[in-house]
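What follows is a short report on a single structure.
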Amino acid sequence: MKVGTMQIREIISTKWGSIDNFLQEEPQCAPDINEIVSRELNLYRAKLLREKFNQRLKKAGLNQLKNRQQPYSSKTIIRDGYMSIKNAFEPETHRRIQFEILEYLMTKNKDDLKWEYRDQNSTCDEVKGTHFWNLNPVVNNIIREKVRSIIESEIQLNKMEALGVSACMHIHHENDRDSLYHMDNFGAPTVKWFYFPFGCQDGDEGFTYCRNSNIINSYNEEYIRCISPYSQKKGLQKRIDPSDVSEIGKDVITFNQENSLVIADTSGFHARARAKSGTLRVTIQGGLDSRVLAIG
Ligand SMILES: [Fe+2]
Numbered sequence: 449m450k451v452g453t454m455q456i457r458e459i460i461s462t463k464w465g466s467i468d469n470f471l472q473e474e475p476q477c478a479p480d481i482n483e484i485v486s487r488e489l490n491l492y493r494a495k496l497l498r499e500k501f502n503q504r505l506k507k508a509g510l511n512q513l514k515n516r517q518q519p520y521s522s523k524t525i526i527r528d529g530y531m532s533i534k535n536a537f538e539p540e541t542h543r544r545i546q547f548e549i550l551e552y553l554m555t556k557n558k559d560d561l562k563w564e565y566r567d568q569n570s571t572c573d574e575v576k577g578t579h580f581w582n583l584n585p586v587v588n589n590i591i592r593e594k595v596r597s598i599i600e601s602e603i604q605l606n607k608m609e610a611l612g613v614s615a616c617m618h619i620h621h622e623n624d625r626d627s628l629y630h631m632d633n634f635g636a637p638t639v640k641w642f643y644f645p646f647g648c649q650d651g652d653e654g655f656t657y658c659r660n661s662n663i664i665n666s667y668n669e670e671y672i673r674c675i676s677p678y679s680q681k682k683g684l685q686k687r688i689d690p691s692d693v694s695e696i697g698k699d700v701i702t703f704n705q706e707n708s709l710v711i712a713d714t715s716g717f718h719a720r721a722r723a724k725s726g727t728l729r730v731t732i733q734g735g736l737d738s739r740v741l742a743i744g
C-alpha cells in the first residue's frame, strides 16, 4: 500500500494532536549519562569523606574526655561546622605577634604590599604568606606550634599532616570572589583556621560561616552536584551573594575579634565578609592538606 502525505498527516495528528504541534516539538535528547554520573560521583565523594571526618572528630572528642581536657569542642565542629576560641594566645604571645606585624607594616605602604600579592590581576588579594613568614621566623614558629597543638587536640592530627600558613594580609577590593558564599574542596571536608591578631577594623565582619551548613541536606546535595570537578560542563562553580544567603537558610556567624582563632570545616558555606574597599585586614590563616583528611 502506498503511504501518501495525507496518511502521514493523519498518523501524526492522531499521535501529536496536529502536524503544527509536531513540527514545533523540541527534539528529545537522551539524558547526558556522563554528566549525571559526574555529579553523583562528587556527591558520593563528599558524603563519604564527611562521614570519615565525623568519625575522626568523634575519636578526638573521646580522647579529650579521656584526658579530661576542657573544653570538649570537637562536637561543636560536627554540629555547627566551626569552633571559635576567644583569647586564643597568652597575652605575651599575642603582643609579640602584633609587634612583629606592626613592625613589618611600618616599613611598607599600600603599593609595596601590592607587589606582594599573589597575582595582581586576579581575585587573589592576599599578601603572600611566604614573604611575611620568611621574614618572621619567630611568628611563624609561634603560630605553627600554637595552632598545631590546638588543632591536634580537636581534629586528631597525624604526625604526617602538614599545617599550612597560606596568607596573612588582605586588602579589600570590589569583586572579591571569596566574599561570595561557597564550599571548599568540592563539598568534602577541609579544615581551615583564621587568627585575628588585631581584630577587624572599619565594620569589617571578618570570616563568616553559615552555621550547620556542613551538614548534608537537599540544598547542599544539589549544590555539591553542581560543583563536581568531574563534570565536563564549565561554569558550574556557583557562588552565592551574601544578599541571597537566605537561599542557604542558615544563621550567618561572623568572626572578627582580636586574639581569636576560628577553626572551620569549610565544606560548609562560608565567605570572607565584605568590607570597605582599600582597607587592610590582618588575618593569619591556613589549613590542613584536605587530601590527608580523606585518610582520616
Ligand atoms: Fe573558601
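So the sequence shown is residues 449 to 744, counted in this note's numbering. Don't be surprised by glycine CBs; every beta carbon is placed ideally from N, CA and C. Bear in mind that the values here come from a model prediction, so they are computed numbers and not experimental data.
Just to check, is the beta-carbon of residue i closer than 6 Å to a non-hydrogen atom of ligand 1?
i, result
"Asp713", "no"
"Asp624", "no"
"Asp632", "yes"
Alpha carbon to alpha carbon, how far is residue j from residue i? Give it in angstroms, no decimals.
i, j, result
"Ser661", "Phe655", "15 Å"
"His618", "Ile525", "26 Å"
"Leu491", "Arg659", "20 Å"
"Cys572", "Lys500", "Unreliable placement is indicated for Cys572, whose pLDDT of 46 sits below 50; the coordinate value is still reported in the next sentence. Approximately 31 Å, taken between the alpha carbons."
"Gly612", "Gly734", "5 Å"
"Thr638", "Leu605", "13 Å"
"Glu548", "Ser597", "22 Å"
"Leu553", "Gln512", "39 Å"
"Lys681", "Glu669", "18 Å"
"Arg527", "Ala494", "17 Å"
"Lys607", "Asn623", "39 Å"
"Lys594", "Trp641", "12 Å"
"Glu609", "Leu736", "7 Å"
"Lys760", "Cys616", "Nothing can be reported for residue 760: it is not among the residues displayed for the chain, which extend from 449 to 744."
"Glu557", "Val693", "The residue you asked about is not Glu; residue 557 is Asn in the sequence shown. So the alpha carbons of these two residues sit roughly 35 Å apart."
"Asn502", "Pro539", "33 Å"
"Pro479", "Tyr643", "47 Å"
"Lys698", "Ile663", "11 Å"
"Val485", "Arg625", "28 Å"
"Leu397", "Ile696", "Any answer about residue 397 is impossible in this case: the structure gives the chain only from 449 up to 744."
"Ile675", "Asn665", "16 Å"
"Lys507", "Thr555", "46 Å"
"Thr462", "Ile481", "32 Å"
"Asn614", "Lys514", "With the sequence shown as reference, residue 614 is identified as Ser, and Asn is not the correct amino acid for it. Approximately 33 Å between the Cα atoms of the pair."
"Ser679", "Pro645", "40 Å"
"Met454", "Tyr671", "51 Å"
"Gln568", "Gln649", "Legend: pLDDT at Gln568 = 47, less than 50; position of this residue unreliable, no value from coordinates given."
"Ile456", "Ser627", "59 Å"
To which residues does DSSP link residue i through a beta bridge?
i, result
"Gln392", "Because the chain here runs from 449 to 744, residue 392 falls outside it and cannot be looked at."
"Leu644", "For the sequence presented, residue 644 should be read as Phe rather than Leu. DSSP output for Phe644 lists Ser708 as bridge partner(s)."
"Tyr629", "Ile688"
"Arg720", "Phe655"
"Val730", "Met617"
"Met554", "Its beta-bridge partners do not exist; DSSP assigns none."
"Ile484", "The partner list for Ile484 (beta bridge, DSSP) is empty, contrary to what the question assumes."
"Tyr530", "Ala712"
"Leu611", "Leu736"
"Thr638", "Its beta-bridge partners do not exist; DSSP assigns none."
"Ile701", "Tyr657"
Determine, using beta carbons only, whether residue i and residue j come nearer to each other than 7 Å.
i, j, result
"Gly647", "Asn704", "yes"
"Leu497", "Ala636", "yes"
"Val587", "Ile545", "yes"
"Thr727", "His621", "no"
"Thr541", "Asp632", "no"
"Ser522", "Leu550", "no"
"Ala721", "Glu653", "yes"
"Pro677", "Phe634", "yes"
"Arg487", "Arg673", "yes"
"Phe717", "Tyr629", "yes"
"Ile732", "Ile590", "no"
"Ile701", "Tyr657", "yes"
Taking only heavy atoms of ligand 2 into account, decide whether any of them is closer than 6 Å to the Cβ of residue i.
i, result
"Met531", "Inclusion of ligand 2 in the displayed structure is not the case, the ligand content consisting of ligand 1 alone."
**OP:** Take every Cβ of the region 689 to 699, pair it with every Cβ of the region 600 to 609, and state whether three or more of those distances are shorter than 8 Å.
**Re:** no
**OP:** Determine contact between the region 527 to 542 and the region 710 to 719, defined as no fewer than three beta-carbon pairs at a distance below 8 Å.
**Re:** yes
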